[in-house]
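Structure first, then comments.
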Amino acid sequence: MSEDKISNKQTNKFEKKEEKILYSVNKIVCFACGEKIDKDTDVCPYCKTFLV
2 MSEDKISNKQ TNKFEKKEEK ILYSVNKIVC FACGEKIDKD TDVCPYCKTF LV
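Sequence positions in the sequence shown follow the numbering used here and run 2 to 53.
Written out as structure tokens, the structure reads:
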């Protein structure tokens with residue numbers, strides 16, 4: 002039982018460390034492919050998805 006509690010606590014710590022900031026002042030993340038692109042871009046240059 003104590004090993005289960007320790008492993009659950011460790012996984013919660015790892016999950017918290019994996020959180021990422023997806024947006025910044027000059028960049029956004031394409032919702033389709035996940036690539037960082039310029040904020041003023043209308044079409045993703047990687048997957049050709051319209052972002053408007």
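Quick reminder that beta carbons are idealized off the backbone N, C-alpha and C, glycines included.
- DSSP, reduced to helix, strand and coil, places D43 outside both helices and strands of the structure shown, so it counts as coil.
- Between D43 and V53 the beta-carbon gap is near 5 Å, inside 8 Å, which marks them as a contact.
- Assignment of beta-bridge partners to V26 by DSSP yields no partner.
- Non-local C-beta neighbours of T50 in its own chain, meaning closer than 8 Å and more than five positions away in sequence, comprise C31, F32, A33, C34, V44, ordered along the chain.
- Straight across, the Cα-Cα distance linking I38 with V26 is about 11 Å.
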